[in-house]
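Undergrad: Let me begin by handing over the structure; questions about it come next.
Dropping the structure here:
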């Protein structure tokens, strides 16, 4: 049986192909999150932002707060910067991006 080998991870240049790949990968990620919740009886929350900035979220139980609200309750705005102090530069940047995107979602239109 032939193995695929390692695939070089790099940005997909073709916009349509990139969108199709994003949709398929997102679906696979949500499926894995569901499987983890069922098999391990874990509470799983997942936030995914599309390249266009659209939010997709998954929560493993109906009674669980939306992942967005849960993130905000666990990491209030004041403590996000102190949490980021102990993180790597990349993790700090990702935390700041998530915080900005979540705050823009709650701004009145």
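In UniProt numbering, the protein residues as written are 1 to 109.
Backbone N, C-alpha and C fix where the C-beta goes; we use that ideal spot for every residue, glycine too.
Quick caveat: nothing in here was measured; it's all calculated off a predicted structure.
Keeping to the same chain, check which residues put their C-beta closer than 7 Å to that of residue 12; ignore five residues upstream and five downstream.
TA: The answer, listed in chain order, is 18, 21.
Undergrad: Which whole-angstrom value is the C-beta distance of residue 36 and residue 45, which I expect to be below 8 Å?
TA: That pair is no contact at about 11 Å.
Undergrad: Between residue 49 and residue 7, what straight-line distance do the alpha-carbon atoms span, to the nearest angstrom?
TA: Their backbone Cα atoms lie some 24 Å apart in a straight line.
Undergrad: Any idea what DSSP makes of residue 9, helix, strand or coil?
TA: Here residue 9 sits in coil by DSSP.
Undergrad: Please give me, in chain order, every unbroken run of the beta strand (DSSP E) with length at least 3 that falls completely inside the region 7-56.
TA: Segments of the beta strand (DSSP E) lying fully in the region 7-56: 45-49.
Undergrad: Could you compute how far the alpha carbon of residue 47 sits from the alpha carbon of residue 26?
TA: If I take the Cα positions, the gap works out to 10 Å.
Undergrad: Could you check if residue 59 is buried or exposed, using at least 16 other CB atoms within 10 Å of its CB as the buried criterion?
TA: Buried is the call here.
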